[in-house]
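What follows is a set of notes on a single structure, which appears directly below.
In this note's numbering, the protein residues as written are 217 to 295.
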């Protein structure tokens with residue numbers, strides 16, 4: 217087995233792919249289904265593109281859109 221820090225992240229085992237989604241659901245306990253869907257999609261996006269920056273960009277865009285929605289409609293409970 218290679219050292220974990222030398223292994224390409226895209227070659228992780230299934231538990232390595234599941235752990236970001238599990239973390240996301242735990243970190244967003246007030247909206248677990250949304251977190252499950254979002255982190256699963258980001259995991260698949262990363263697995264497909266092998267670029268963490270694609271995931272960072274997707275996260276930034278969705279946060280921007282959510283922020284604009286919250287401001288426009290006053291839905292502060294979503295923030």
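We treat Cβ as the ideally placed atom computed from N, Cα and C, and that holds for glycine.
Residue i (DSSP reduced to helix, strand or coil)
{"i": "residue 244", "result": "coil"}
{"i": "residue 232", "result": "helix"}
{"i": "residue 223", "result": "coil"}
{"i": "residue 250", "result": "helix"}
{"i": "residue 210", "result": "The requested residue 210 does not occur in the structure, where the chain is confined to residues 217 to 295."}
Chain-order list of residues whose beta-carbon lies under 6 angstroms from that of residue i (same chain, five-residue window excluded)
{"i": "residue 234", "result": "none"}
{"i": "residue 251", "result": "240, 241, 244"}
CA-to-CA distance, residue j to residue i, given in whole angstroms
{"i": "residue 261", "j": "residue 290", "result": "31 angstroms"}
{"i": "residue 292", "j": "residue 225", "result": "36 angstroms"}
{"i": "residue 282", "j": "residue 246", "result": "16 angstroms"}
{"i": "residue 167", "j": "residue 248", "result": "Outside the shown range of the chain, which is 217 to 295, sits residue 167, and nothing can be said about it."}
{"i": "residue 165", "j": "residue 265", "result": "The requested residue 165 does not occur in the structure, where the chain is confined to residues 217 to 295."}
{"i": "residue 301", "j": "residue 228", "result": "The structure shown does not extend to residue 301, since the chain is modelled only from 217 to 295, so the question has no answer here."}
{"i": "residue 267", "j": "residue 232", "result": "16 angstroms"}
{"i": "residue 219", "j": "residue 280", "result": "37 angstroms"}
{"i": "residue 277", "j": "residue 230", "result": "28 angstroms"}
Cβ neighbours of residue i in the same chain (closer than 7 angstroms, five flanking residues each side left out)
{"i": "residue 237", "result": "252, 255, 256, 259"}
{"i": "residue 160", "result": "Because the chain here runs from 217 to 295, residue 160 falls outside it and cannot be looked at."}
Beta-carbon proximity list for residue i, same chain, < 8 angstroms, skipping 5 on both sides
{"i": "residue 294", "result": "282, 285, 286"}
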